[in-house]
Every structure is written in C-alpha cells, then in structure tokens.
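Working notes for the structure below.
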Ligand SMILES: Cc1cc2nc3c(=O)[nH]c(=O)nc-3n(C[C@H](O)[C@H](O)[C@H](O)COP(=O)(O)O)c2cc1C
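In my numbering, the protein residues as written are 15 to 344.
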C-alpha cells in the first residue's frame, strides 16, 4: 500500500512521507531519517518565506540538506506581500525538490500574519498567493490543509477552496482531516478522505494519527483514494518507521538517540541544540514503558553534558521497550 505515486511527473517510491513539524524536521533529524531510508520525501518544518532571502542555505539547520537526503519539500509560511518571485528563485537555485504552502497552521502568531489557516479562510488572498506561487515556481507545488473552521457551511467552503487550489495549478494536497479548532483534540477523520477526494482531481496525501503499516491497512477503506500518506509525530518517535514499514528491523534505541544527539550538535549552536534534543526526546520517550521518567530527566538537564549523562544512565538500566508506542496527545 502506498508503494509509489507520481506527482508533477516525478515518481515517489514509496509514497510515504515525513510531515513538517516545527522544531523537529530540521537538517539533523532529516539526516537521521536518511540514514534509515524508506521515506519518499521529507517536508521541512514551516519556514517563514521572507526569511529565506536572508538565510545561508549551506549553514542553516532549517535549510541545509545533505546528499543522502533523497527528496526535501520546503514548506513555506507565506503572507500577503511576500516577494514570492525572489523567494522561490532562491529555493530553485538551491535545489528544492518541491514547495509546500502551509494553509493549516492555526497558531495565533501565524494567523496574526494572515498566514496558515487565516490564509486558507481568506479566499481572495489565497487566490493571490496561489497564483504567484504557481507563476514563479515551476516544480512540484503542494499545499497542506485541514478541513477548515468548524461552522455549518464548512463543506461548501472546503469545496470552494479545493477548487481554487485546483484552478491555480497546485499539484497535490496534504489533508490532515481535523478542523482548525480541534488542534490535536478528537481524532483525525479518515472517513472524510474519500469524500474530499471525490471533490477534486488533485492527488491527496492522507495525514493525521497514522502510525504503521498494519494500521494503514486496517484503514484501507478510508485511505484508498489517497495517493500517499504522511506521518509526523510517529516518525519523530521512530525515525526507522518507514524503513521498517514492510519488514522487521532490529533497532538499537540508545544508538539512535546518540546519533541524533551527535547530528544536532553538528548543525546547531549548543544552546539551541540542547532544546532540540530535549524536544526530540519527548517523542522518542514514547518507545519506553517508563518513557515519562526519561523525558522528565532529560527535559530538566541544564546542559548538554548532563543531558547525555542522564540519557546514558536511563539506557544503562535496560528499559522495557513498548511494542506499540503512542504519540497521541504529545
Ligand atoms: C510539534 C508539532 C509541530 C508541527 N509543525 C507543523 C509545521 O511546521 N507545518 C505543518 O504543516 N504542520 C505542522 N504540524 C502538523 C503535522 O505536520 C501533522 O499534520 C500532524 O502532526 C498530524 O500528523 P501526525 O498525527 O502523523 O503527527 C506540527 C505538529 C506538531 C505536533
């Protein structure tokens, strides 16, 4: 299931993708994911579009990519007035495999910029951004969306926006089937994917609360109209998730944590590195029966040396590993 798909003439095999997660899908994590293989493409975390004009693509942990990373889609937080021509030119010069527009983020700070969910809601502004993005970006262009705002006419509004995305020439959509207001409450409504797919000729990538191959198979009735699937939080917890999708894989968990630690240190200054490793450890902790103790110990570590010592101490006690980690609510 989801062994491959073709988007804008490019074949993605497998059609299993790592979702954009702010603070998580940075260069160090993408490097770790690439070591394992099995990921069709990775979305960067949301990048403020205008910031790209100032960043150093070779050094920035948000932008840099290594030759081992097969396909990186750069996700943009776009706001009206952004100089998309220059921004997208820069991405092209640096070999971006695709550009994704974030129309899903409902954070107050993002809405205040008229971006994310606010842009999705504002149809004229949305049309303007889509038209410019398509005009200046010749490659793969996707958009990440939710169902919209929970209101009586949400279905008509959703349909209208799918039409705008289609008319503008977007190549594919990532659908996280929750309402903006849901944040991460309730569950993703996978049963709405066939309905959404029936509204558009655009390929849909299904996202939200997906965890592994067995669960995706169990949801096949709902997921079948999608061309691919995208997983976020569980990929952070288990960077080997896609490599182990259809075959058993022996994983040395302490070695994975130490490798991430090392990679983050190579890409981030120490103060930021500490925070990034602590954030990763929150999801990684889900693999252990007493993962909460692991996370609490690490999240209160005052520096990198102490962080590493506390992790080594936890691993030395041969902690019990969970067969089915849960990331819901994290
Ligand atoms: C900590 C965190 C950061 C996120 N950052 C982004 C982001 O930068 N851009 C985006 O489109 N979605 C972002 N999301 C949403 C995820 O991409 C994804 O849609 C959501 O987590 C549901 O998928 P999952 O259940 O597989 O995690 C974020 C989610 C989390 C939990």
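For each residue, glycine too, the CB sits at the ideal point set by N, CA and C. Note that the coordinates shown come from a computational prediction; the quantities given were computed from them, not determined experimentally.
Asked                                                                                                    : Found
Under 7 Å between C-beta atoms of residue 187 and residue 140                                            : no
Heavy atom of ligand 1 within 6 Å of residue 199 beta-carbon                                             : no
Residue 246 Cβ short of 6 Å to ligand 1 heavy atom set                                                   : yes
Segment contact flag, the region 252 to 270 with the region 193 to 213, C-beta cutoff 8 Å, min 3 pairs   : no
Three-state secondary structure assigned by DSSP to residue 73                                           : coil
Candidates 82, 62 and 336: closest to residue 113 by CA position                                         : 62
Residue environment, residue 298, which counts as buried when at least 16 other CB atoms sit within 10 Å : buried
Span of the beta strand (DSSP E) around residue 112                                                      : 112 to 116
Enclosing alpha helix (DSSP H) for residue 296 [first to last residue]                                   : 284 to 298
The region 58 to 74 touching the region 266 to 276, judged by at least three CB pairs closer than 8 Å    : no
Among 231, 58, 333 and 337, the one whose alpha carbon lies nearest that of residue 33                   : 58
Minimum Cβ-Cβ distance from residue 24 to chain D less than 7 Å                                          : Protein chain content of the structure displayed is limited to a single chain, and chain D is not contained in it.
Simplified DSSP assignment, three categories, for residue 61                                             : strand
Check: residue 190 C-beta below 6 Å from any heavy atom of ligand 1                                      : yes
Alpha-carbon spacing of residue 19 relative to residue 247, whole angstroms                              : 23 Å
Residues near residue 120 by beta carbon distance below 6 Å, same chain, minus five either side          : 131 and 194
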